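J.:
4 protein chains.
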Amino acid sequence: MSLALNKKELTEYLEQVFPQVHKDFVVEDLTEASIRMRLIVEDRHLRPGGTVSGPSMFGLADVSVYAMILARKGRQSLAVTTSSSMDFLRKPDGRADMIAECKLLKLGRTLAVGDVLMYSEGSDNPVARASLTYSIPPAGSAAAAFG
Amino acid sequence: MSLALNKKELTEYLEQVFPQVHKDFVVEDLTEASIRMRLIVEDRHLRPGGTVSGPSMFGLADVSVYAMILARKGRQSLAVTTSSSMDFLRKPDGRADMIAECKLLKLGRTLAVGDVLMYSEGSDNPVARASLTYSIPPAGSAAAAFG
Amino acid sequence: MSLALNKKELTEYLEQVFPQVHKDFVVEDLTEASIRMRLIVEDRHLRPGGTVSGPSMFGLADVSVYAMILARKGRQSLAVTTSSSMDFLRKPDGRADMIAECKLLKLGRTLAVGDVLMYSEGSDNPVARASLTYSIPPAGSAAAAFG
Amino acid sequence: MSLALNKKELTEYLEQVFPQVHKDFVVEDLTEASIRMRLIVEDRHLRPGGTVSGPSMFGLADVSVYAMILARKGRQSLAVTTSSSMDFLRKPDGRADMIAECKLLKLGRTLAVGDVLMYSEGSDNPVARASLTYSIPPAGSAAAAFG
């Protein structure tokens with residue numbers, strides 16, 4: 010088990026491939042088995058009542074698992090999300106950034122599964138849990154990832 | 010089984026409670042058991058490769074079920090999403106709007122479950138499937154919905 | 010779109026590959042896009058209070074999608090379940106058989122997704138909803154399906 | 010945070026309320042935040058190829074979360090499963106027992122969410138991940154839990 014991209018290389022690559030959204034996210038920590046990702050919460054991520062929106066949390070979970078796969082498999086990876094499940098546990102604090110702690114449960118040849126817990130920064134109680142499955146097309150394949 | 014809000018009343022209420030995002034969504038059709046919702050796809054919903062982003066699809070599914078609960082329960086409803094699952098089936102067409110067909114599978118006293126199929130307009134093959142569970146606090150209760 | 014196995018061939022094949030459980034299940038109807046499967050509810054499927062157990066419902070959903078993939082792909086298929094989600098909507102009636110109505114939402118080269126609604130026979134209100142994703146190894150491949 | 014039932018009390022109570030299946034399961038360890046549960050794998054839990062069946066893994070996950078809620082809330086708890094998601098990661102070893110490591114992510118007034126990782130005993134790589142949501146009717150309420 011080793012990293013194909015370190016934290017700096019991963020950050021630069023995310024800037025290239027996600028020009029629309031990379032400014033929302035910061036790679037805080039990266040190991041061979043886990044990543045910590047920050048969502049910089051801005052007004053556009055909020056919902057009435059001062060909570061962080063569901064789509065923003067989905068996006069944070071999705072980018073965390075994707076970044077972890079990239080870090081392990083390298084830049085050529087064309088992984089696409091195929092399934093996800095999320096549980097919303099507590100009301101997020103819209104005045105705090107959101108921190109995702111993501112672990113890869115499986116990194117196979119064609120499938121990867123990541124698990125994510127999300128916290129409002131400064132709190133120990135998770136606001137949401139997510140797991141996401143990615144399909145990974147064979148390296149060198151021209152096949153679309155939507156298997 | 011009857012509607013507490015008709016299509017016009019529902020549309021107006023969504024404009025009030027979702028000032029950030031209501032312009033993205035149009036209620037296309039509403040019956041006592043189902044709703045059809047359109048996501049007007051703009052550049053900000055896209056990802057590289059011209060596909061619609063996962064968070065945009067999550068948002069469409071979420072607002073569809075929420076709107077259906079509002080239409081049945083009325084404006085006082087404070088339902089919050091507690092669980093969701095999504096399957097991503099095909100690559101969406103970023104040049105087309107996305108259409109969600111949503112049915113309520115259950116509308117109980119304290120829990121509601123909705124099922125959603127999403128299509129790129131003009132195609133018969135679904136691009137994603139979602140189901141979402143909402144917790145509904147008792148009417149007149151000051152209790153937070155995050156049971 | 011066509012069937013590789015008809016209802017009789019599918020039933021015989023399930024008897025071969027599921028010797029432990031095939032007597033629990035009956036293929037009631039089969040089309041190119043859908044299958045109806047019956048769980049013959051016996052005491053061993055019940056829980057206190059006279060309801061059908063969660064594992065029994067999971068098993069019914071799982072076998073329904075698997076049988077539908079077999080019917081379309083043929084006997085060589087080695088599909089394995091990779092993800093599932095279920096919502097439990099109402100209390101099942103332990104005195105009635107359970108009927109699953111299953112549709113394939115996607116049957117790709119390497120992934121298949123099926124959607125299932127389950128009913129206590131004689132009722133129109135679903136007791137549970139499930140979706141399951143299967144990984145399908147390439148035909149002729151010796152690769153394990155756990156991608 | 011404290012336990013309403015200790016390991017011995019919990020084991021005795023499970024024997025009472027799950028007469029059909031309690032012999033399959035052993036409470037291995039119990040803390041205020043987590044439980045370790047063993048599935049004693051017998052022939053009836055297996056599928057062709059010597060793997061543990063999906064319904065058996067679902068049952069292990071379900072009973073683990075339920076037992077954890079009982080241990081915290083006490084015997085009067087009437088929690089019912091409302092949602093579940095599972096990811097199947099690797100082929101289980103049918104010759105080994107299966108061990109579930111379960112944590113409660115949330116234990117609210119009306120909803121509880123538990124997270125489960127399952128292992129074939131003797132291996133460090135999880136074979137499956139599950140999360141389950143339970144609805145908890147108010148204490149003293151005659152209301153059915155299927156809210």
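These protein sequence lines map, in sequence, to chains A, B, C and D. Every position in the first sequence, counted from 1, becomes a number in my numbering once 9 is added. Every position in the second sequence, counted from 1, becomes a number in my numbering once 9 is added. Every position in the third sequence, counted from 1, becomes a number in my numbering once 9 is added. Every position in the fourth sequence, counted from 1, becomes a number in my numbering once 9 is added. By construction, the Cβ of each residue, glycine as well, lies at the ideal position given by its N, Cα and C atoms. Note that this is a predicted model, so its numbers are computed, not measured.
Among the residues of its own chain, which have a CB less than 6 Å from the CB of LYS32/B, if the five just before and after it don't count?
T.: No residues qualify anywhere along the chain.
J.: If you follow the beta strand (DSSP E) that GLU24/A is in, where does it begin and where does it stop?
T.: It is not in any beta strand (DSSP E) - GLU24/A instead sits in the alpha helix (DSSP H) that spans 16-26.
J.: Does ASP124/D get closer than 9 Å to chain C when you measure Cβ to Cβ?
T.: No, its Cβ sits nowhere closer than 9 Å to a Cβ of chain C.
J.: Using CA coordinates, which residue listed in ASP124/D, VAL35/D, GLY131/D is at the minimum distance from ALA139/A?
T.: Considering only alpha carbons, the answer is ASP124/D.
J.: Quick check on GLU24/A - is its C-beta less than 9 Å from some C-beta in chain B?
T.: Taking Cβ atoms only, chain B never reaches closer than 9 Å to GLU24/A, which makes this a no.
J.: Buried or exposed: where does ALA152/C fall if 16 or more other Cβ atoms within 10 Å of its Cβ makes it buried?
T.: Bear in mind that a pLDDT of 45 at ALA152/C, under 50, signals an unreliable position, so the model cannot answer this.
J.: What residues from the region 104-136 of chain B come within 7 Å of chain A, judged by C-beta to C-beta, listed N to C?
T.: For the region 104-136 of chain B, which is checked against every Cβ of chain A, not one residue is closer than 7 Å.
J.: Under the rule that 16 or more other beta-carbon atoms within 10 Å means buried, what is ASP133/C, buried or exposed?
T.: It is exposed - the Cβ of ASP133/C has fewer than 16 other Cβ atoms within 10 Å.
J.: Indicate the three-state DSSP secondary structure (helix, strand or coil) for GLY123/A in the structure shown.
T.: Looking at GLY123/A - three-state DSSP - the assignment turns out to be strand.
J.: Three-state secondary structure (DSSP) at VAL50/D?
T.: Three-state result, VAL50/D: coil.
J.: Does any C-beta atom of chain C lie closer than 9 Å to the C-beta of THR90/A?
T.: Not one chain C Cβ lies under 9 Å of THR90/A.
J.: Within this structure, are the beta carbons of MET127/C and ALA109/C separated by less than 9 Å?
T.: Closer than 9 Å, so yes.
J.: Should ASP96/B be flagged as near chain C, meaning a C-beta pair shorter than 9 Å?
T.: By this cut-off, ASP96/B is an interface position.
J.: For SER73/A and ILE49/C, what's the separation of their Cα atoms in angstroms?
T.: Approximately 44 Å between the Cα atoms of the pair.
J.: For SER86/D, decide whether its Cβ has a neighbour in chain C, counting only Cβ atoms nearer than 9 Å.
T.: Not an interface residue.
J.: In angstroms, rounded to a whole number, what distance separates the CA positions of PRO135/B and GLU21/D?
T.: Straight-line Cα distance between these residues: approximately 49 Å.
J.: Would you kindly work out how many angstroms separate the C-alpha atoms of TYR199/A and GLN25/D, rounded to a whole number?
T.: Summary: the structure shown does not reach residue 199/A, with chain A confined to residues 10 through 156, and so no result is reported for it.
J.: Quick one: grab the DSSP three-state call for SER62/B.
T.: Correct three-state label for SER62/B: coil.
J.: Between the region 29-53 of chain B and chain A, which residues of the former have a C-beta closer than 9 Å to a C-beta of the latter?
T.: Under the 9 Å Cβ criterion, the region 29-53 of chain B contributes GLN29, VAL30, ASP52, ARG53.
J.: Check whether the region 94-103 of chain D and the region 41-60 of chain D touch, using three or more Cβ-Cβ pairs below 8 Å as the test.
T.: Touching, per the Cβ criterion.
J.: Report yes or no: is there a C-beta of chain C within less than 9 Å of the C-beta of SER140/B?
T.: Yes, its Cβ sits closer than 9 Å to a Cβ of chain C.
J.: Which of the three DSSP states, helix, strand or coil, is assigned to ARG45/A?
T.: Correct three-state label for ARG45/A: strand.
J.: Quick check on the burial criterion: 16 or more other C-beta atoms within 10 angstroms. Buried or exposed for MET66/A?
T.: That one is buried.
J.: Identify the continuous beta strand (DSSP E) that holds ALA88/C and give its terminal residues.
T.: Where ALA88/C is concerned, there is no enclosing beta strand (DSSP E), given that its DSSP letter is neither H nor E.
J.: Let me see if you follow: with CB-CB separation under 9 Å, is ASP71/D close to chain C or not?
T.: Yes, because at least one Cβ of chain C sits closer than 9 Å to the Cβ of ASP71/D.
J.: Any beta carbon of chain B sitting closer than 9 Å to that of PRO64/A?
T.: Yes, because at least one Cβ of chain B sits closer than 9 Å to the Cβ of PRO64/A.
J.: Tell me, please, which residues DSSP counts as bridged to ARG138/B.
T.: Beta-bridge pairing links ARG138/B to ASP96/B, LEU126/B.
J.: According to DSSP, is MET77/A part of a helix, a strand, or is it coil?
T.: The answer is helix: DSSP assigns MET77/A an H, G or I state.
J.: Pull up the distance between the alpha-carbon of VAL122/C and that of THR91/C, whole angstroms please.
T.: Computed Cα separation, rounded: 10 Å.
J.: Given a cut-off of 9 Å on the beta-carbon distance, is the pair LEU23/B and LEU79/B in contact?
T.: Cβ atoms of LEU23/B and LEU79/B: closer than 9 Å.
J.: Who pairs with LEU39/B in a beta bridge, going by DSSP?
T.: DSSP, once it has assigned bridges, lists ILE44/B as partnering LEU39/B.
J.: Please name the residue in ALA42/D, GLY68/D, LYS16/D whose C-alpha comes closest to that of MET107/D.
T.: Nearest option by C-alpha distance: GLY68/D.
J.: By Cβ distance, which residues of its chain are closer than 6 Å to SER93/C, with the 5 residues on each side in sequence left out?
T.: LEU141.
J.: VAL89/B to SER43/B, Cα distance in whole Å?
T.: So the two alpha carbons sit approximately 19 Å from each other.
J.: My understanding is that PRO64/D touches PRO64/C, with C-beta atoms under 8 Å, so please give their C-beta distance in whole angstroms.
T.: Confirmed, Cβ separation roughly 4 Å.
J.: May I ask you to list the residues that DSSP assigns as paired with MET107/B?
T.: BP columns for MET107/B point to LEU48/B, SER129/B.
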